[in-house]
Each structure stands twice: as C-alpha cells, then as structure tokens.
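To keep things clear, I will list the structure first and then write my remarks on it.
2 protein chains.
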Amino acid sequence: MNAVFKAIADPTRRKVLALLRQRSMTAGELSDHFPVSRPTMSAHFAVLREADLIEANKVGTTIFYQLKLSVLEDALLGFSQLFGIGVADHMTTDPTGGARPKATREGADE
Amino acid sequence: MNAVFKAIADPTRRKVLALLRQRSMTAGELSDHFPVSRPTMSAHFAVLREADLIEANKVGTTIFYQLKLSVLEDALLGFSQLFGIGVADHMTTDPTGGARPKATREGADE
DNA sequence: CATCAATTTCGATGATTAGCTAAATAGCGA
DNA sequence: TCGCTATTTAGCTAATCATCGAAATTGATG
C-alpha cells in the first residue's frame, strides 16, 4: 500500500491513471499527453507497474497499459476506512454485514 | 490537492494522521510513537500543516495538533470520484441528487 | 538481411527529501 | 533573572527522484 501512495503522489502519474480509467492506451499514446520525454514516461510507467496499479500487454512492438482499478480502490478504501471516512466501495453501507472479499483492514498501513 | 497526496505518501505522516484521528495530541506525544528525532518529526508536522491536514494550537509551550479530517476527506473523495470509485462521503449514493456542499469535481487534479 | 518504429534501459544531473546534531525560541516556575 | 521544558529552526549529509539524451531491445516489413 505504501507503493500505491508513493505512486499517486506524483501529478503526472495520477493523470496517467485518470487517462487509463476510460480506455487502455499504448505507452506512446499516453506519452503524447505529457510534455516530458519518452524515457521519463517509461519511468513513470515502471513506478505504476511496481505499485501494481497498471498492467502491461505487449502486442508486437506496442505496449498497451491497462488500469488495475481494484488495486487503487483497495488502497484508497483501506486508508479511508482508517479514518472512518465514508470512502466506500460501490456498496458503502455494506448490507451483507461483512462478507467482503476485499479485506478487513485495521492496521494495514506501512 | 497535490500537497495532500505528497503528504500522505510518507508512512510516518500517514501514521501521524491515524493517531490524530482519535484525539488531538501534542507534538511530543506524537513524537513518542516514532523512532526518529524530534526535529525530524517537526519537519513531518510542517509538511502536514503545509498540506492543511493538521492544525496547530499552542498552549503555553505545548503545541496540540489536531486532524483536519475534512481536508483529507475532500482530497480522497475528489480523487476517487475521478475513477468512479465509490470513495464517497458519509452518504455514498447521494439521494439528494447533487446538493453537496463539498464540491463538484471534474478535473480538480494537478 | 537492413531498416524502421515503439519502448525500455543506461548513465548522468539537478532537485527534493528524510534524517541527524546543535542551536535558537518561547513559556513557566523558583 | 536563571534554569527547565517543549518545540522549532539552522545547517548538513545521504538517499531518492524526475528528467534528459544516447543506446539497446524487440518486432514488423520491405
């Protein structure tokens, strides 16, 4: 979870995630949205990959990056719950009474 | 919002916020929970203050730090909504249809 | 096989950051 | 005023980070 927070600490990476929310895009296509060099973007992708926030799919010489929303979701959820913040899943007030496949967090930080 | 994400990128600072969730504590009391020097903790407090995540109240020579939950909440909320993640307020599925006092975000990042 | 395109890896650099010790500031009580 | 306590500021170092250009990798195509 630390890796996730480190990853989203950077504005460029947050924007990459936001772009990927809609459709998965190639590394080059993503890079075109930012005023930095390809190698720099590649490094950002590596950080996001390391945090398991995105997934790479190589097709020929092209790499498609895809958002792993559940990982982002779990991190945000876990942290938020530490604070009683309503940051909830798609089902906030859990009507099942606790049959979550996500995880029950209480000290999942660090 | 960038400042908030930078602030919570550090595990020590996240833990400080978590400690502050219950009761407000003095700088020294907070410091006692970590294996680093007072000046280092003071620097962490400064970052959290800078991000407006905590508030300082000086009483004599002692400083009480208090969590500003709403700021954390807004940042988390705003970011999460960018992804359609349910990270919602205390009222997730907004039955009012959009009468929120928090803010309506759509490009609030960066 | 030679070349082109997409992307990453390498190696370097300047900026930021977390950490420390020592010193400064500020309030309080004798 | 002197000394004690709480906290921050100052000055420094080591590590991490974002960035770049050049080179390497990998796959496709003529």
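Chains P and Z supply the protein sequences, listed in that same order.
Each residue of the first sequence is one higher than the one before, counting from 1 in UniProt numbering.
Each residue of the second sequence is one higher than the one before, counting from 1 in UniProt numbering.
Using N, Cα and C, we set each Cβ at its ideal position, and we do this for glycine too.
If the criterion is Cβ atoms closer than 8 Å, does the pair residue i and residue j meet it?
i, j, result
"residue 64 (chain Z)", "residue 25 (chain Z)", "yes"
"residue 51 (chain P)", "residue 18 (chain P)", "no"
"residue 67 (chain P)", "residue 54 (chain P)", "yes"
"residue 83 (chain P)", "residue 21 (chain Z)", "yes"
Smallest Cα separation from residue i: which of the options?
i, options, result
"residue 35 (chain Z)", "Z:55, Z:86, Z:12", "Z:12"
"residue 29 (chain Z)", "Z:80, Z:79, Z:62", "Z:62"
"residue 49 (chain P)", "P:80, P:33, P:27, P:81", "P:27"
Using the beta-carbon count (16 or more within 10 Å), is residue i buried or exposed?
i, result
"residue 16 (chain P)", "buried"
"residue 14 (chain P)", "buried"
"residue 31 (chain P)", "buried"
"residue 37 (chain Z)", "exposed"
Self-check item: Segment contact, 8 Å Cβ cut-off, at least three pairs: the segment 65-75 of chain Z with the segment 69-76 of chain P
Solution: Taking a cut-off of 8 Å for Cβ pairs, the segment 65-75 of chain Z and the segment 69-76 of chain P do not touch, as fewer than three such pairs fall below it.
Exercise. May I ask you to verify whether the segment 5-14 of chain Z touches the segment 42-56 of chain Z, counting CB pairs closer than 8 Å and requiring at least 3?
Key: yes
Quiz item: Curious, which full-length alpha helix (DSSP H) runs of at least 4 residues does the UniProt domain "HTH arsR-type" (1-94) of chain Z contain?
Solution: 2-7, 11-22, 27-31, 38-50, 69-81
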